[in-house]
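Q:
Protein chains: 2
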Amino acid sequence: MGGDFGPSVTVPAALSALAAHDDLTLILLGDQAQIDAQLSGVDSSLSQRLEIIHTSVCVENDSKPESVLRKSKESSMFLAVNLVHEGRADACVSAGNTGALLLAGRHLLKTLPGISKPAIIASVPLHAMGRSTYILDVGANLCSSARELLEFAIMGSIQASVVSGICKPRVALLNVGHEEHKGTAIIREAAQLLQQTESLNYVGFVEGNEIFTDKADVVVCDGFSGNITIKTSAGVVKVIEQMLKQSVSSSFFSRLLGLLASPLLRQLRAQIDPAQFNGASVLGLQGIIVKSHGHAHSTAFFFAIEQALKEVIDCVPSLITRRMEALQLTHGEVLATQD
Amino acid sequence: MGGDFGPSVTVPAALSALAAHDDLTLILLGDQAQIDAQLSGVDSSLSQRLEIIHTSVCVENDSKPESVLRKSKESSMFLAVNLVHEGRADACVSAGNTGALLLAGRHLLKTLPGISKPAIIASVPLHAMGRSTYILDVGANLCSSARELLEFAIMGSIQASVVSGICKPRVALLNVGHEEHKGTAIIREAAQLLQQTESLNYVGFVEGNEIFTDKADVVVCDGFSGNITIKTSAGVVKVIEQMLKQSVSSSFFSRLLGLLASPLLRQLRAQIDPAQFNGASVLGLQGIIVKSHGHAHSTAFFFAIEQALKEVIDCVPSLITRRMEALQLTHGEVLATQD
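For the record, the sequence lines run as chains F and C. Going by this note's numbering, the letters in the first sequence line up with residues 1 to 339, in that order. Going by this note's numbering, the letters in the second sequence line up with residues 1001 to 1339, in that order.
#1: For C/E1179, name the three-state secondary structure that DSSP assigns.
#2: Measuring alpha carbon to alpha carbon, tell me which residue in C/K1073, C/G1279, C/S1144, C/L1103 is nearest C/V1220.
#3: Measure the alpha-carbon distance for C/L1083 versus C/I1288 and round it to whole angstroms.
#4: I need the straight-line Cα distance from C/Q1328 to C/I1115, nearest angstrom please.
#5: List, in order along the chain, the chain C residues whose C-beta lies closer than 8 Å to that of F/L142?
#6: Between F/N227 and chain C, is there a C-beta pair that is closer than 8 Å?
#7: Who are the neighbours of C/G1208 on chain F, taking C-beta pairs under 9 Å?
#8: Measuring alpha carbon to alpha carbon, tell me which residue in F/A190, F/Q196, F/G226, F/G208 is nearest C/E988.
#9: Check the Cβ-Cβ distances between C/V1282 and every residue of chain F, and say whether any is below 8 Å.
#10: Tell me the residue span of the beta strand (DSSP E) that contains C/L1026.
#11: Could you please give the first and the last residue of the uninterrupted alpha helix (DSSP H) stretch that includes C/T1098?
#12: Report yes or no: do three or more beta-carbon pairs, one from the region 48–61 of chain F and one from the region 23–32 of chain F, lie closer than 8 Å?
#13: Note down the Cα distance separating C/L1069 from C/S1123, rounded to an integer number of angstroms.
#14: Put F/N141 into one of helix, strand or coil per three-state DSSP.
#15: Using a Cβ-Cβ cut-off of 8 Å, state whether F/V239 counts as contacting chain C.
#16: Determine the direct distance from the alpha carbon of F/L15 to that of F/A146, and round the result to whole angstroms.
#17: Taking CB distances under 8 Å as the criterion, tell me whether F/I211 reaches chain C.
#18: Identify the residues that DSSP records as bridge partners of F/G204: which are they?
#19: If you check the beta carbons only, do C/N1097 and C/G1223 fall under 8 Å apart?
#20: Quick check: what's the CA-CA separation for F/G165 versus C/Q1242?
#21: Of the residues F/Q48, F/M324, F/T229, F/R49, which one's Cα is nearest the Cα of F/V176?
#22: Which of the three DSSP states is assigned to C/K1071 in this structure?
#23: Using 10 angstroms around the beta-carbon of F/E198, count the other beta-carbons present and answer buried if the total reaches 16, otherwise exposed.
#24: Between which two residues does the alpha helix (DSSP H) holding F/V290 run?
#25: Taking the straight line between their C-alpha atoms, what separation do you get for F/K231 and C/H1021?
#26: Could you tell me whether the Cβ of C/F1224 comes closer than 8 Å to any Cβ of chain F?
#27: For C/G1139, would you say it is in contact with chain F, using Cβ-to-Cβ distances shorter than 8 Å as the test?
#28: Assign C/D1339 to one of three DSSP states: helix, strand, or coil.
#29: Which of helix, strand or coil does DSSP assign to F/I313?
#30: Go ahead and pull the three-state DSSP assignment for F/L285.
#31: Determine the burial state of C/A1304: buried for a count of at least 16 other Cβ atoms within 10 Å of its Cβ, exposed for fewer.
#32: Ordered along the chain, which non-local residues of its own chain (more than five positions away) have a Cβ less than 8 Å from that of C/E1180?
#33: Contact between the region 291–307 of chain F and the region 87–105 of chain F: three or more CB pairs below 8 Å?
#34: Between F/G156 and F/V218, which are expected to be in contact by the criterion C-beta below 8 Å, what is the C-beta distance as a whole number of angstroms?
#35: Over the uninterrupted beta strand (DSSP E) stretch that includes F/I186, give me the two end residues.
#36: Tell me the DSSP secondary structure of F/H85 in three-state form.
Encoded structure:
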């Protein structure tokens, strides 16, 4: 039911995913009538791998996250996350309210052993090489300790390996300069922790402009900086689009320019717009949650399902747990766990 | 002596400024021989308004800021700031090491009454309307209290009035959402302070992407976020430039596109690149310091001198002091001052 378009996007995307994967079964949670309306004439080879759980309650995009726990335990979102909690589903994909999804995830699934807090990981298209860089956290938390930044680094490194197939992903910390003495005490402490962690390929600090170069595969930061970074990026792309559009009226050549550059820029913005980034995973929970953007059309939502599938196949939560256990053995210390 | 090009940029820029302003007198600090080499054949109507103070010491771009106070008291930068301190100059313009300039400024000039810490203000070209938005702090500090963010808001508001002639500049706080409950405790407290301050036209929170729209004239944030914001912006512009360049080989039309868009993007990047932003003022000190970027060519350095002139003519430090005094009377509290 989530996102701007509800079942008119999520159901066709679900059918595409079923068509692409013979061994996939999907459970749709939401208003039965609205879902059924999207299913008329669907081939039985697909519909027989589709289960519908009816609920008339859904979390609104502008609901305060806290209200989900109080008022929306019967909502499609809460029930979906609960299916993961109960082991009846391997992953949950939603285009709904991010804050609510995160809260439901933390409440029902809890964090993995060794992980203090979950993080949202986004990928941004980069350095004109057809590759993406992962950035986390982009908004699950506001502030983070050095220890939490280390956890983000480990989770991001695993995600880059699994989803992008990068061997030994280069991990960097977002900072205001490269020198050791730069940044807050937390970032400098995190740098030491990352440096000491042998399973990480830590490459040092990167500055804001270097996110878009080939310096790192994973950029680690607190959720406030990460959120501002990806939103700012989207804003710049948009302003350039507008500048090009404005130049349309000035001459024949620039009219041509505007015409030609628009799709390119629109595509780039769609990829880096935080309100639009797709398949942003919530990492660090005992279960897989992928957040599709609210504006997603069915192809985008389909990709979010694909991403969830990849994480299921590669058992990302188990990989994280094992890496954290190994770290615990190496560092010889008890790691913080939550709840 | 500062920046990548030293006197070969700063001296021609100084001569242009003298030519543009009959009542301007400039003092150049640095290596006499290198400066003289740039002055051969200069009209006496200009050179008679030019004073040279020789020193062979200069702060390197990669020096640690602290070393300036220990080792470089005879450096051209330190001596230039000291001239402002002694009242022998009305403003200092430098293209040198930012950290060192800031430290020299804080050490020699001290902060204005009511101002806890100086901030660096940058302007970014925006919303395709030929206007700029000011953003501060972009790196003088890492973290800031709510009180300090209020001071930044007041200083930014004055700067936008003076330099851009904006009446009642709209001031916003950079945050991860618009709702009152969003952001850190510090930002939420700052929002209350800004709201309560009648002399400010506070318009609420803006998100990263909204820096580039017409929502605010002044965006207030801590130096860490501000630094990452402007550097990220520059990075995105560069990646789009590269994408357009790459498309050059694909077809005639896209070749044309790349050709046409390049100057537009280069110009935009030059304006928003933090390593390149020009005329970034250090606000909040008992004296005027303008930081020109290290890569500045003489036209850019000339504009930095022009900006310093505007601040001198409008007595920006006095305006800040008066606004802080008025605030003190209204709020009926003793404001923190430093040193």
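Every residue, glycine too, gets a C-beta built ideally from N, C-alpha and C.
A: According to the structure shown:
#1: C/E1179 falls in the coil class under three-state DSSP.
#2: Ranked by how close their Cα comes to the Cα of C/V1220, the residues C/K1073, C/G1279, C/S1144, C/L1103 have C/S1144 in first place.
#3: Cα to Cα, the separation comes out at about 11 Å.
#4: Computed Cα separation, rounded: 11 Å.
#5: Going along chain C in sequence order, the residues near F/L142 (Cβ under 8 Å) are V1176, G1183, T1184.
#6: So, interface residue.
#7: The contacting residues are N227, I228, T229, I230, K231, T232, S233, A234, G235, P274.
#8: Because chain C is modelled from 1001 through 1339, residue 988 of chain C falls outside the range shown and cannot be assessed.
#9: Closer than 8 Å: no.
#10: Secondary structure note for C/L1026: its beta strand (DSSP E) is the uninterrupted segment 1026–1030.
#11: Taken as a continuous stretch (DSSP letters only), the alpha helix (DSSP H) holding C/T1098 covers 1098–1109.
#12: The region 48–61 of chain F, when compared against the region 23–32 of chain F, does touch it at the 8 Å Cβ threshold.
#13: Using only the alpha carbons, I get a separation of about 29 Å.
#14: F/N141 falls in the coil class under three-state DSSP.
#15: Output row for F/V239: interface = yes.
#16: Taking the straight line joining both Cα atoms gives about 43 Å.
#17: Taking a beta-carbon distance threshold of 8 Å, F/I211 counts as an interface residue toward chain C.
#18: Among the bridge pairs identified by DSSP, F/G204 is matched with F/A172.
#19: No. Outside cutoff.
#20: Cα-Cα distance, rounded: 25 Å.
#21: Relative to the Cα of F/V176, the nearest Cα in the group F/Q48, F/M324, F/T229, F/R49 belongs to F/T229.
#22: Here C/K1071 sits in helix by DSSP.
#23: F/E198 should be labelled exposed.
#24: That residue, F/V290, is in no alpha helix (DSSP H); its beta strand (DSSP E) goes 288–291.
#25: Answer to the nearest angstrom: the Cα atoms are 42 Å apart.
#26: Chain F, which has a Cβ nearer than 8 Å to the Cβ of C/F1224, makes this yes.
#27: Chain F places a beta carbon closer than 8 Å to that of C/G1139, counting this residue as a contact.
#28: Because the pLDDT of C/D1339 is 37, which lies under 50, any placement of that residue in the model is unreliable, and the number read from its coordinates should be weighed accordingly. In this structure, C/D1339 counts as coil in the three-state DSSP scheme.
#29: Under the three-state reduction of DSSP output, F/I313 falls in the helix class.
#30: DSSP places F/L285 in strand when its eight states are reduced to three.
#31: The residue in question, C/A1304, is buried, as its Cβ has 16 or more Cβ neighbours within 10 Å.
#32: Cβ neighbours of C/E1180 beyond the five flanking positions: R1188, A1191.
#33: Under the Cβ criterion (8 Å, minimum of three pairs), the region 291–307 of chain F counts as touching the region 87–105 of chain F.
#34: With a Cβ gap of about 4 Å, F/G156 and F/V218 count as contacting.
#35: F/I186: not part of any beta strand (DSSP E); member of the alpha helix (DSSP H) spanning 185–196, first to last residue.
#36: DSSP places F/H85 in helix when its eight states are reduced to three.
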